[in-house]
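Numbering (my numbering), first residue to last: 11 to 465.
We treat Cβ as the ideally placed atom computed from N, Cα and C, and that holds for glycine.
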Amino acid sequence: MTIRPRVEIPSISVVITNYNGRRFLADCLDSVLSQTLKPVEVFVVDNASSDGSAEFLKSVYGACLINPPSPPFAKGGKLGGGLSKRGDVRAGLSQKGDAGGIISKGGDAGRAVSKGGDSGESSAKGVSLLPSDRNVLLPPFSKGGEGGFPAHTQPEIKLISMGYNAGFARATNAGIRESSGEFIALLNNDAVADSGWLERLTRPMLESEEIGFCASKMLFLWDKTRVNNAGIGITDYGLPYDRGFYCSDGPEYAGDRLVFGACGGAAMFRRKMLERTGLFDEDFFLCYDDADLSFRAQLMGYKCMYGAGAVVYHAGGATVPYHGRTARFYSCRHFIRVVARNMPGPILRQRLPAIAWFCVKNSLRSAIQNRDLTNLRGYAAGFASLCRRFGQRAETQQARTVTVGYIRSLMVSKAQMLRETSAPFEKKAKGEGDKAKGKRKNEEKESPPTRVADS
Numbered sequence: 011m012t013i014r015p016r017v018e019i020p021s022i023s024v025v026i027t028n029y030n031g032r033r034f035l036a037d038c039l040d041s042v043l044s045q046t047l048k049p050v051e052v053f054v055v056d057n058a059s060s061d062g063s064a065e066f067l068k069s070v071y072g073a074c075l076i077n078p079p080s081p082p083f084a085k086g087g088k089l090g091g092g093l094s095k096r097g098d099v100r101a102g103l104s105q106k107g108d109a110g111g112i113i114s115k116g117g118d119a120g121r122a123v124s125k126g127g128d129s130g131e132s133s134a135k136g137v138s139l140l141p142s143d144r145n146v147l148l149p150p151f152s153k154g155g156e157g158g159f160p161a162h163t164q165p166e167i168k169l170i171s172m173g174y175n176a177g178f179a180r181a182t183n184a185g186i187r188e189s190s191g192e193f194i195a196l197l198n199n200d201a202v203a204d205s206g207w208l209e210r211l212t213r214p215m216l217e218s219e220e221i222g223f224c225a226s227k228m229l230f231l232w233d234k235t236r237v238n239n240a241g242i243g244i245t246d247y248g249l250p251y252d253r254g255f256y257c258s259d260g261p262e263y264a265g266d267r268l269v270f271g272a273c274g275g276a277a278m279f280r281r282k283m284l285e286r287t288g289l290f291d292e293d294f295f296l297c298y299d300d301a302d303l304s305f306r307a308q309l310m311g312y313k314c315m316y317g318a319g320a321v322v323y324h325a326g327g328a329t330v331p332y333h334g335r336t337a338r339f340y341s342c343r344h345f346i347r348v349v350a351r352n353m354p355g356p357i358l359r360q361r362l363p364a365i366a367w368f369c370v371k372n373s374l375r376s377a378i379q380n381r382d383l384t385n386l387r388g389y390a391a392g393f394a395s396l397c398r399r400f401g402q403r404a405e406t407q408q409a410r411t412v413t414v415g416y417i418r419s420l421m422v423s424k425a426q427m428l429r430e431t432s433a434p435f436e437k438k439a440k441g442e443g444d445k446a447k448g449k450r451k452n453e454e455k456e457s458p459p460t461r462v463a464d465s
């Protein structure tokens, strides 16, 4: 009889980015502190909130104030500058950040996990069935906080004050750089996590190092029967979208499966992966920063697992309205940037007409029907920034370790995207969601789905 060694439970850091979210912070932090698998530390990065968020954290939760990283935030090839040297040493990770040598140059890593596979079956028995980890025994899921992963003391809450509104990407990077955990979990300030959230996200990453990051099941806080995000999908012309957006939480979202990417509002990342891919692109003030990082990770062979049991309830649009002009401008601008930097050449050349037509149609519809040039300005800003981004594209494509065919297999048609969402908004059934969110303006109804990770 072969004795399988137990996996040492890794350390987890939680990073929460906040901007004027004091009214949500208590519920958010209490849900993190109530996790069955405790993090070692919780960072709240405050973007110069004017609602007393920082004072609330210090007085109620005893948060200790630490200064953000003193070096300027790196820009260029690996935007976000990777992880700080101090962070690498504290986490006991190599400077190279090699993911265990499991990704071969030019290989198609991760094929051991089927695209539609359900990792939950193996997890329930406590034994990994993945070929790379057959001799690893995982503890069973804990029930009510008993058994399973060992208990830890309550984590220390640390406050990072940015001093100005740095946006989601830059602020989140500041928290990641200060963190020490092997796994880094991100949670929106207006989200409440189920008690088993961290435990459910951690398990797939313990089963296989090919899983570099995990997506949560995000349900709307104001309507817990509807999905906010079940991982990020991507169309064949490069448009990222929220899987399951505003759909009823049904059987299709009940099982774990591989997806294209993870929403930055509730996700977990392997530190070793981030050391290779770099952090969030700090030129993305908000919108699509998580899609950009997901694309880079996929190009390097890392897989994203959607954890159906990792449930988070998200207010959504609390800081930035989903279809407000600010969100639409950045979504349009960053759509161009995501495609230009990450889409492999053969796919880009083939789909360029569809990309151009999508931008033109979207701009004209908004301009003619709503007399609103926000979309046009966003696309124009995206195209205007391409000249200085050619170096980024070259570096990103040189780092690609998977085939073009594999990337193509991750993309879906527009028809499939519409089947996986209840978008666009004008096609949604009116009900409690409309009452809770209020009457939408005409330009909001005519807009395409907008992704805002830090809303």
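Buried or exposed: residue i, going by 16 or more other Cβ atoms within 10 Å of its Cβ?
i, result
"Leu374", "exposed"
"Lys437", "At Lys437, the pLDDT of 41 sits below 50, so the modelled position is not reliable; the number obtained from the coordinates is stated separately. Flag for Lys437 reads exposed."
"Arg187", "buried"
"Tyr251", "buried"
"Asp40", "exposed"
"Gln402", "buried"
"Asn28", "buried"
"Pro49", "buried"
"Glu453", "Residue placement at Glu453 cannot be trusted, given a pLDDT of 37 that sits under 50; what the coordinates show is reported in the next sentence. Burial call: buried."
"Leu148", "The predicted position of Leu148 is uncertain, since its pLDDT is 46 and thus under 50; no value can be drawn from it."
"Leu284", "buried"
"Cys38", "buried"
"Val491", "Since the first and last residues shown for the chain are 11 and 465, residue 491 lies out of range."
"Val237", "buried"
"Pro356", "exposed"
"Leu89", "Residue confidence is low: Leu89 scores 38 on pLDDT, short of 50, so the model does not pin down where it sits. Its coordinate-derived value is still stated next. So Leu89 ends up on the buried side."
"Leu47", "buried"
Tell me which residue opens and which closes the alpha helix (DSSP H) that residue i is part of.
i, result
"Asp204", "From DSSP, Asp204 is part of no alpha helix (DSSP H); its letter is neither H nor E."
"Cys74", "Careful: Cys74 lies outside any alpha helix (DSSP H), inside the beta strand (DSSP E) at Cys74 to Ile76."
"Asn352", "Arg335 to Asn352"
"Phe178", "Gly177 to Glu188"
"Val70", "Ser63 to Val70"
"Phe400", "Phe400 to Gln408"
"Ala277", "Element bounds for Ala277: not the alpha helix (DSSP H) but the beta strand (DSSP E), Ala276 to Arg280."
DSSP state of residue i, grouped into three classes?
i, result
"Thr46", "coil"
"Arg253", "coil"
"Arg381", "coil"
"Ser23", "strand"
"Asn28", "strand"
"Arg429", "helix"
"Ala320", "strand"
"Ser171", "strand"
"Ala395", "It should be noted that the sequence gives Ser, not Ala, for residue 395. Three-state result, Ser395: coil."
"Asn6", "Outside the shown range of the chain, which is 11 to 465, sits residue 6, and nothing can be said about it."
"Cys369", "helix"
"Ala307", "helix"
"Thr212", "helix"
"Ser218", "coil"
"Cys38", "helix"
"Thr245", "strand"
"Ala225", "strand"
"Glu51", "strand"
"Glu18", "coil"
"Glu285", "helix"
"Glu292", "coil"
With the cut-off set at 8 Å, would you say residue i and residue j are in Cβ contact?
i, j, result
"Ala184", "Met278", "no"
"Tyr316", "Arg267", "yes"
"Phe295", "Gly177", "yes"
"Arg410", "Leu309", "yes"
"Asp56", "Met172", "yes"
"Ala276", "His344", "no"
"Gly206", "Lys313", "no"
"Ile22", "Leu208", "yes"
"Ala179", "Asp61", "no"
"Arg335", "Thr384", "yes"
"Gly241", "Ala272", "yes"
"Arg281", "Glu217", "no"
"Gln164", "Leu362", "no"
"Gly388", "Ser341", "yes"
Beta strand (DSSP E) containing residue i: first to last residue?
i, result
"Thr235", "Asp233 to Asn239"
"Met421", "Careful: Met421 lies outside any beta strand (DSSP E) and carries neither H nor E."
"Phe270", "Counting along the chain, Phe270 falls outside any beta strand (DSSP E), and DSSP gives it neither H nor E."
"Phe193", "Phe193 to Asn198"
Segment contact flag, the segment 187-204 with the segment 255-265, C-beta cutoff 8 Å, min 3 pairs: Under the 8 Å Cβ criterion, the segment 187-204 does not count as touching the segment 255-265, having fewer than three qualifying pairs.
Segment contact flag, the segment 213-232 with the segment 61-73, C-beta cutoff 8 Å, min 3 pairs: Contact fails between the segment 213-232 and the segment 61-73, because fewer than three Cβ pairs, one in each stretch, are under 8 Å apart.
contact_flag[the segment 414-421, the segment 347-367] where n(CB pairs < 8 Å) is 3 or more: Taking one beta carbon from each stretch, the segment 414-421 and the segment 347-367 have 3 or more pairs nearer than 8 Å; the two touch.
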